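Colleague: The opening position of the sequence shown corresponds to residue -18 in our numbering, with each subsequent residue numbered one higher. Idealized CB from N, CA, C, for every residue including glycine. Note that the coordinates shown come from a computational prediction; the quantities given were computed from them, not determined experimentally.
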Amino acid sequence: MPNHKPRRFDILTIFPEVVAPYAEASILGRAQKGKLIKVVAHNLRDWSTDKHRKVDDTPYGGGPGMVMKVEPIEKGVKSLRSLKGLRGKKVRVIVTSASGKPFTQKDAKRLAKYDQLIFICGRYEGIDARVEEHVADEAFSIGNYVLTGGELPALVMIDAIARNVPGVLGKRESLAEESHGEEGLLEYPQYTKPEAYKKWKVPSVLLSGNHAKIEQWRKAKQKTAR
């Protein structure tokens, strides 16, 4: 049992129910059970002052769709920042945005050192720009495409960040040798049984037992990350 508080990931969303199925499975699920990390989804509507719990409104200047309001988001972030046991800790507020900077492995390693990360997930036509300007510390995109909401990008980032938290992965070398490792190289091709399937065969060098040649082959097959 770790003698420190788990790294905390808080997600502000209007669909909190979509978070748990992923966050409670596989590596993230084991890390939560081991109290290495904690992933909590919060319903943004809980901070709405509207009697109908609205968190969006029409855009100034006209245009299609609805825009998520700054007020409930700012109140939600403020509330999460002041949670018991987290005052004075290292906290970072992140908004998911198609126009944000590309999220990289370097960001994952850097953010893994924070005690608490708060993710703001957008929906509809986007989020009031004042959130990115005054509430969030950083805005990230996970690719040059548009998604329905920010929940998937938040989970992608949480997965990548959590893997860099000490103890989350079973072996430290697993992290070091994975794709997008320290040297900016993509992982070498992997094979398993059977040795031959149809006419598709495993490279003979991997069956040789010659570890030096295997290592040489793997290095030759690695690709530089674009």
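1. When you compare each of E132, D109, Y178 to I292 by their alpha carbons, which one comes out closest?
2. Buried or exposed for V116, please, with buried defined as at least 16 other CB atoms from any protein chain shown within 10 angstroms of its CB.
3. G44 to D27, Cα distance in whole Å?
4. Taking 8 Å as the threshold, find out whether the region 4 to 12 comes into contact with the region 41 to 57 through three or more Cβ pairs.
5. Quick check: the Cα distance between V58 and I99, rounded to an integer number of angstroms?
6. Take the Cβ of R91 as the centre, count every other Cβ of all protein chains shown within 10 Å, and call the residue buried at 16 or more, exposed below.
7. Are the beta-carbon atoms belonging to V0 and V20 less than 9 Å from one another?
8. In its own chain, which residues sit with a C-beta less than 7 Å from the C-beta of K202, not counting the 5 before and 5 after it?
9. Starting from P83, follow its DSSP beta bridges and name the residues at the other end.
10. Pick from S29, M49, R62, G103: whose alpha carbon is nearest that of R(-11)?
11. Pairs of beta-carbons, one from the region 139 to 147 and one from the region 174 to 193, closer than 8 Å: are there three or more?
12. Relative to the alpha-carbon of Y95, which residue among Y3, I18, S60, K65 has its alpha-carbon at the smallest distance?
13. Buried or exposed: where does A110 fall if 16 or more other Cβ atoms within 10 Å of its Cβ makes it buried?
Modeller: Well, looking at it:
1. The structure shown does not extend to residue 292, since the chain spans only -18 to 207, so no value can be given for it.
2. As a working note, residue 116 is residue 135 in the sequence shown. Buried, by the Cβ-count rule.
3. Looking up residue 44 in the sequence shown gives position 63. Looking up residue 27 in the sequence shown gives position 46. Answer to the nearest angstrom: the Cα atoms are 27 Å apart.
4. no
5. On the sequence shown, residue 58 is found 77 positions in, with the first residue counted as 1. On the sequence shown, residue 99 is found 118 positions in, with the first residue counted as 1. Cα-Cα distance, rounded: 7 Å.
6. Locating residue 91 in the sequence shown gives position 110, counting from the first residue. Classification for R91: exposed.
7. As a working mapping, residue 0 is identified with position 19 in the sequence shown. As a working mapping, residue 20 is identified with position 39 in the sequence shown. Yes, Cβ-Cβ distance for V0 and V20 is below 9 Å.
8. Along the sequence shown, read from residue 1 onward, the residue named residue 202 stands at position 221. The answer, listed in chain order, is Y169, P170.
9. To locate residue 83, count along the sequence shown from 1; it is residue 102. Its beta-bridge partners are S122.
10. Your numbering for residue -11 matches position 8 in the sequence shown. The shortest C-alpha to C-alpha distance from R(-11) to any of S29, M49, R62, G103 is the one to R62.
11. no
12. The residue labelled residue 95 in the question sits at position 114 within the sequence shown. With distances taken between Cα atoms, Y95 lies closest to I18.
13. Here residue 110 refers to the residue found at position 129 when the sequence shown is read from its first residue. It counts as exposed.
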